[in-house]
Amino acid sequence: MHNKSNCHENVWILSGTADGPIIADKLLELKFSVFVSVVSYRGSKAYTFNENLYIKIGRLNNVTEIQNFIKKNDIKHVIDATHPFATEISKNLIAACVQLDKPVLRFERSLKDINSHVNSTFQIIDDFKDIRGCEIKGKNLLLAIGSRSIDKVAGYYKTLGANLFARIIATPKSVLEGFSSCIENSNIAILNPTKLNTCRLEYYLCHYWNIDYIICRESGGYPQRLWEEISYSSKIKLFLLKRPKVRNKLIFSSYDDLIKNINLNT
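First residue of the sequence shown? That's 1 in my numbering, and the numbers climb one at a time after it.
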């Protein structure tokens, strides 16, 4: 996996399926060789074939693995476009690149535009257990928080008397963790978000389950926007877990600004 003589330097993107393909396409148009890391094979299908695009599938477990990948593939620029709540990989990236004297370019979606429906049905919380000023007992609570914390959070609200429901993503890990939680199996929906206006099953789920409250994460992405719209239109109370802060001096919320920085340092 080497550059052709007429290509620019190697760029490594760590991302999901939303921002990564867009950033990759822009770099490929400029004749960069692009390396992409995704967690699953399904994630790799979001990228269009290109002879200068190389995809690595699988988790990076530690700083050493990151450094080895950078050295082996002569990576010049590292882009962290991972999920805002994937804090461990972001920390490992920074630690690895500091030792190699390479900057990490962090891409995060801006929250300025997405929080457009701020009203009485919307509240930012610092912790999943931080719902305040609401009667929980006997209320229908929908968790759209990812599968990693679902059992712990569900257990907490179960002790408070809430009726628990969950929307989980259709991956083996998420399904296993969802159905291993304390939530009734019949109250779990396996559903990947879709941007099709005619197929927003989340709306119907909330109506079918008579949901009173929703908890999701302040990711800045499409799922957050969807839950905000549902909350705004149905008056369901929405709680957003505050997005963690990334300790990185090079943070971009514009694709063009990110690419411009890479070009200036090439």
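Just so it is clear, CB atoms sit at the ideal spot from N, CA and C, and this is done for glycine as well.
If you're wondering where the values come from, they're calculated on a predicted model, not measured in any experiment.
Check: Terminal residues of the continuous beta strand (DSSP E) containing Asp80?
Finding: Locating residue 80 in the sequence shown gives position 80, where the first residue counts as 1. Counting along the chain, the beta strand (DSSP E) containing Asp80 begins and ends at 75-81.
Check: What are the uninterrupted segments assigned as beta strand (DSSP E) that are 3 or more residues long and contained completely in the stretch 120-191, given in chain order?
Finding: 122-125, 140-144, 163-168, 188-190
Check: With C-beta atoms as the reference, is Ala81 less than 8 Å away from Tyr47?
Finding: Numbered from its first residue, the sequence shown carries residue 81 at position 81. Numbered from its first residue, the sequence shown carries residue 47 at position 47. No; because the gap between Cβ atoms is not below 8 Å, this pair is not in contact.
Check: When burial is assigned at 16 or more other CB atoms within 10 Å of the CB, is Val118 buried or exposed?
Finding: One-based indexing of the sequence shown puts residue 118 at position 118. Interpretation of Val118 is limited by its pLDDT of 49, a score under 50 that renders its predicted location unreliable; no figure is taken from the coordinates.
Next item on the list: Please work out which residues of its chain come closer than 6 Å, Cβ to Cβ, to Glu135, disregarding the five sequence neighbours upstream and downstream, and give them in chain order.
Entry: The count along the sequence shown starts at 1 and reaches residue 135 at position 135. Contacts found: none.
Notebook entry, point to check: What residues match up with Ser15 in a beta bridge as DSSP calls it?
Noted result: Translated into the one-based positions of the sequence shown, residue 15 becomes position 15. Paired residue(s): Ala81.
Notebook entry, point to check: With burial defined as no fewer than 16 other Cβ atoms inside 10 Å of the residue's Cβ, what is the status of Arg109: buried or exposed?
Noted result: Counting from 1 along the sequence shown, the entry for residue 109 is found at position 109. Arg109 is buried by the Cβ-count criterion.
Notebook entry, point to check: If we ignore side chains and look at the alpha-carbon of each, how far apart do Leu28 and Val39 end up?
Noted result: As a working note, residue 28 is residue 28 in the sequence shown. As a working note, residue 39 is residue 39 in the sequence shown. In a straight line, the C-alpha of Leu28 is about 21 Å away from that of Val39.
Next item on the list: Write down the C-beta distance between Phe122 and Glu228 rounded to the nearest angstrom, noting that I regard them as a contact closer than 8 Å.
Entry: The residue given as residue 122 occupies position 122 in the sequence shown. The residue given as residue 228 occupies position 228 in the sequence shown. Between Glu228 and Phe122 the Cβ distance is about 7 Å, and since that is below 8 Å, they are a contact.
Item checked: Candidates Ile262, Lys91, Ser37, Asn52: closest to Phe69 by CA position -> Working through the sequence shown from its first residue, we reach residue 69 at position 69. The residue with the shortest Cα to Cα distance from Phe69 is Ser37.
Check: Excluding five sequence neighbours on each side, which residues of the same chain lie with their C-beta closer than 6 Å to the C-beta of Leu142?
Finding: By one-based count along the sequence shown, residue 142 stands at place 142. Here the set comprises Phe165, Ile211, Ile214.
Notebook entry, point to check: Going by Cα to Cα distance, which pick from Leu258, Ala162, Trp209 is closest to Asn274?
Noted result: What is shown of the chain runs 1 to 266, which leaves residue 274 out entirely.
Next item on the list: Counting only the same chain and skipping the five closest in sequence on each side, list residues whose C-beta sits under 8 Å from that of Arg247.
Entry: Taking the first residue of the sequence shown as position 1, residue 247 is located at position 247. Correct list, in chain order: Ile94.
Margin query: Judging by CA-CA distance, which residue of Ala189, Ser180, Asp130, Lys102 is the nearest neighbour of Ile168?
Written below: Counting from one through the sequence shown, the residue named residue 168 turns up at place 168. For Ile168, the nearest C-alpha among the options comes from Ala189.
Next item on the list: Please check the pair Pro193 and Leu226, which I expect to be a contact at CB under 8 Å, by giving their CB distance rounded to whole angstroms.
Entry: Within the sequence shown, the letter at position 193 stands for residue 193. Within the sequence shown, the letter at position 226 stands for residue 226. That pair is a contact at about 6 Å.
Next item on the list: Just grab the DSSP bridge partners of Val38 for me.
Entry: Residue mapping note: residue 38 aligns to position 38 of the sequence shown, counting from 1. Looking at the DSSP assignment, Val38 forms a beta bridge with Ile57.
Check: How would you call Gln99, buried or exposed, if buried means at least 16 neighbouring beta carbons within 10 angstroms?
Finding: On the sequence shown, position 99 is the one that residue 99 refers to. Exposed, since its Cβ has fewer than 16 Cβ neighbours within 10 Å.
Check: Looking at the structure shown, is Asn269 part of a helix, part of a strand, or coil, going by DSSP?
Finding: Nothing about residue 269 can be reported from this structure: the residues present for the chain run from 1 to 266 only.
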